[in-house]
Amino acid sequence: MLRMAVVLIAAAVWFLPGPTVPQAVAEDRPGGAAKTIIDLQSDRRVDEIRIQGAGGRQGRARLTNLNPAVNAWFLLEILWSDGTPEAPYHLENPFPERQRLLLEPDRPQGLVLADPDGRHVCDLWAGGPVHELAAARRAKQAYAPICQGRLYLRIPVKGHQTQIELVTEFLREDVKGGERIVTLVKRQFFKDAYQETARLLEETGEAGPETSGAPRAARLDPAFAGRAVDTASLGIDVHRPSRGGMTLGRWYPALDNPGVFVSLITPRAIAGDILRSAPKTVAGLDDTESASLVYLVAFDLQYFDLNFAMGTLHPKLGWSAHILDRMKDDRLPGPDGIDSPAPLVNTGLIGPEKAHRTVAAFTGGFKRAHGAFKWGDLALKNQGTHYGFLENGVLFSRLQPGLSTLYVGKDGVVGMKTWRESDAGMVSGLRHARQNGVPLIDYDETARTSAPGALVNNWAQGNWSGSEDSKLRTMRAGAGLQEDGGRRFLVYAVFSSATPSAMTRVFQAYGCRYAMMLDMNALEHTYLAVYRRRGEDLFTQNLIKGMREVDKTADGKYVPRFLGFPDNRDFFYLTRIDRDPRKP
Numbered sequence: 001m002l003r004m005a006v007v008l009i010a011a012a013v014w015f016l017p018g019p020t021v022p023q024a025v026a027e028d029r030p031g032g033a034a035k036t037i038i039d040l041q042s043d044r045r046v047d048e049i050r051i052q053g054a055g056g057r058q059g060r061a062r063l064t065n066l067n068p069a070v071n072a073w074f075l076l077e078i079l080w081s082d083g084t085p086e087a088p089y090h091l092e093n094p095f096p097e098r099q100r101l102l103l104e105p106d107r108p109q110g111l112v113l114a115d116p117d118g119r120h121v122c123d124l125w126a127g128g129p130v131h132e133l134a135a136a137r138r139a140k141q142a143y144a145p146i147c148q149g150r151l152y153l154r155i156p157v158k159g160h161q162t163q164i165e166l167v168t169e170f171l172r173e174d175v176k177g178g179e180r181i182v183t184l185v186k187r188q189f190f191k192d193a194y195q196e197t198a199r200l201l202e203e204t205g206e207a208g209p210e211t212s213g214a215p216r217a218a219r220l221d222p223a224f225a226g227r228a229v230d231t232a233s234l235g236i237d238v239h240r241p242s243r244g245g246m247t248l249g250r251w252y253p254a255l256d257n258p259g260v261f262v263s264l265i266t267p268r269a270i271a272g273d274i275l276r277s278a279p280k281t282v283a284g285l286d287d288t289e290s291a292s293l294v295y296l297v298a299f300d301l302q303y304f305d306l307n308f309a310m311g312t313l314h315p316k317l318g319w320s321a322h323i324l325d326r327m328k329d330d331r332l333p334g335p336d337g338i339d340s341p342a343p344l345v346n347t348g349l350i351g352p353e354k355a356h357r358t359v360a361a362f363t364g365g366f367k368r369a370h371g372a373f374k375w376g377d378l379a380l381k382n383q384g385t386h387y388g389f390l391e392n393g394v395l396f397s398r399l400q401p402g403l404s405t406l407y408v409g410k411d412g413v414v415g416m417k418t419w420r421e422s423d424a425g426m427v428s429g430l431r432h433a434r435q436n437g438v439p440l441i442d443y444d445e446t447a448r449t450s451a452p453g454a455l456v457n458n459w460a461q462g463n464w465s466g467s468e469d470s471k472l473r474t475m476r477a478g479a480g481l482q483e484d485g486g487r488r489f490l491v492y493a494v495f496s497s498a499t500p501s502a503m504t505r506v507f508q509a510y511g512c513r514y515a516m517m518l519d520m521n522a523l524e525h526t527y528l529a530v531y532r533r534r535g536e537d538l539f540t541q542n543l544i545k546g547m548r549e550v551d552k553t554a555d556g557k558y559v560p561r562f563l564g565f566p567d568n569r570d571f572f573y574l575t576r577i578d579r580d581p582r583k584p
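Reminder that position 203 of the sequence shown reads as 203 in our numbering, one-by-one numbering, no gaps.
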């Protein structure tokens, strides 16, 4: 159990953003490439005023709203006339729908915070050498409250790394030929390391109509209809009429978590017409992956907001080593002109204002090391087509055409699509986005039909991890979007041992409009946890019981990843929509 101090967030939309002042990118680098991440924010708005500190000290304050349409992240720079250096401050607005941050010439001592209840002056730099901002920066927490909790200063912290990640990171970055060692270990150890054969039970499972409000059930071979599967490793409690197993392909409501559903399946139980479809793009399944257990969780998106957060370290922003040499511009530190998020701060942790509403969290996608292409058409385009990502309206790495993209609009609507060049105009209206490879299931927006992705069975050109002669079967995770009768569900699946072909068949069986792979190879890379609350107590349940090893304990209390301590990896999390917004 974890005691949590909560900060309620207002959900009422009160204002429209002011006019944007576009800022040109640096022009003295190749192709006008960015010098810092700030240069990538084409819609940012900058305001500047003269300020006054303690004892009449003079200077200037510059406030950059990094994306006025989202209104969440700001960079505050204080420039004293006496030349005293002061590092920029990355501020987070926990109430973006109702609170504006302003610099006003007649308020030279600090920021003005405007909301429907009035204007609040926050004297941030009028307190002498150790003003409120400087004092907050000394905090040892990722989010330091300022302005009586109306804002947060984001503080650099070290994100947790598992032993596996520490070793592989060391080999890749500090040992000559280390990548080959990592690849060898993956072939010898990770292949089927977490493989779990679906154990079908003698008794039949529940029959009859699906639970009200549940997603569409998987389409099965009649020979497996009604068969029950053992649930010994499932870590999420579900509502079910008996203590036996769960019916294959059927969705069960998570206990005390409205809008969350759980299902189990094995690929060999899928309807034959699905398994035989698209033979040119989807490979046949071998006996091991056909019999392996697949865990799925679905989230009814009418109840939840989807969020994305960068880890403290990953994904990085420099060049991937997984590209052709000729695609790299050695004059630049990375494909977008940068290799660091500075002066912005990645915390790898869910913020205080959302923590109390968080219902689930799961890991994101590939690290930058493998998040680009070495073979095929995508390897020869856009500097190797590095995977792009965007958090809170701030672009960290450009979204690239041809890649699977899970995104959230500024209106909160969740979408999945293969990014196109014509989608570039969407970027300024996005709250979050994460790209990861090519689609498992693609959606044709013209024909309005779904089909397996063109590169599902092409190991090299699909960048599925492995090579043409090394068809690596391993633990994998993926996400899909199911639409059924006007309802929309985000589906997260963990495959105990699978190829992309097996993943595709499962998402097809569940009727997903679109699906993509996320990460792979280990429990920490496919991690998902859901949270149940009773008063101030938090109870964490992992999708697979073994995932609990990734979390921590402190003072005898269980502390979950992403919610209780910073992590080095990027992740998604779902927050329950607050239908009774309160004031900040």
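Ideal placement from N, C-alpha and C gives every residue a C-beta, glycine not left out.
Residue(s) in a DSSP beta bridge with residue i
| i | result |
| --- | --- |
| residue 405 | 417, 435 |
| residue 52 | 58 |
| residue 80 | 59 |
| residue 553 | 558 |
| residue 197 | 292 |
| residue 537 | 534 |
| residue 265 | 294 |
| residue 450 | 443 |
Contacting residues, own chain, Cβ-Cβ under 8 Å from residue i (five flanking each side not counted)
| i | result |
| --- | --- |
| residue 126 | 52, 53, 54, 109, 110 |
Rounded separation between residue i and residue j - CA only
| i | j | result |
| --- | --- | --- |
| residue 354 | residue 418 | 29 Å |
| residue 9 | residue 493 | At residue 9, the pLDDT of 22 sits below 50, so the modelled position is not reliable; the number obtained from the coordinates is stated separately. About 30 Å. |
| residue 244 | residue 229 | 9 Å |
| residue 296 | residue 150 | 38 Å |
| residue 275 | residue 557 | 46 Å |
| residue 428 | residue 410 | 9 Å |
| residue 246 | residue 578 | 32 Å |
| residue 290 | residue 249 | 15 Å |
| residue 474 | residue 495 | 8 Å |
| residue 564 | residue 552 | 9 Å |
| residue 22 | residue 416 | Annotation note: pLDDT 39 at residue 22 (below 50); position unreliable, coordinate value reported separately. Spanning the two alpha carbons is a distance of roughly 28 Å. |
| residue 327 | residue 383 | 5 Å |
| residue 390 | residue 64 | 17 Å |
Chain-order list of residues whose beta-carbon lies under 6 Å from that of residue i (same chain, five-residue window excluded)
| i | result |
| --- | --- |
| residue 541 | 235, 236, 530 |
| residue 66 | 41, 44, 73, 394 |
| residue 367 | 314, 315 |
| residue 450 | 441, 443, 513 |
| residue 120 | 113 |
| residue 100 | 114 |
| residue 143 | 152, 351, 352 |
| residue 547 | 523, 527 |
| residue 461 | 375, 376, 455 |
| residue 218 | 249, 265, 509, 510 |
Contacting residues, own chain, Cβ-Cβ under 7 Å from residue i (five flanking each side not counted)
| i | result |
| --- | --- |
| residue 81 | 58, 59 |
| residue 257 | 359, 530, 532 |
| residue 184 | Low confidence applies here, because residue 184 scores a pLDDT of 48, under 50, leaving its location unreliable; read the following figure in that light. There are no such residues. |
| residue 4 | Caution applies to residue 4, whose pLDDT of 32 falls short of 50 and renders its modelled position unreliable; the value that the coordinates give is listed next. Excluding positions up to five away in sequence, the list reads 355, 356, 536, 538. |
Per-residue burial, residue i [other beta carbons within 10 Å of its own, 16 or more giving buried]
| i | result |
| --- | --- |
| residue 284 | exposed |
| residue 98 | buried |
| residue 452 | buried |
| residue 377 | exposed |
| residue 160 | buried |
| residue 138 | exposed |
| residue 105 | exposed |
| residue 439 | buried |
| residue 502 | buried |
| residue 196 | buried |
| residue 566 | buried |
| residue 519 | buried |
| residue 365 | buried |
Pick from the options that is closest to residue i, judged by C-alpha positions
| i | options | result |
| --- | --- | --- |
| residue 443 | 566, 398, 263, 420 | 420 |
| residue 437 | 409, 62, 61, 369 | 369 |
| residue 392 | 306, 490, 38, 431 | 431 |
| residue 352 | 56, 141, 63 | 141 |
| residue 215 | 298, 63, 135 | 298 |
| residue 407 | 157, 306, 338, 277 | 306 |
| residue 332 | 319, 325, 324 | 319 |
| residue 212 | 281, 134, 260 | 260 |
| residue 272 | 135, 221, 517 | 221 |
| residue 412 | 404, 239, 574 | 574 |
| residue 386 | 566, 232, 339 | 339 |
| residue 36 | 336, 433, 426 | 336 |
| residue 571 | 559, 484, 435 | 435 |
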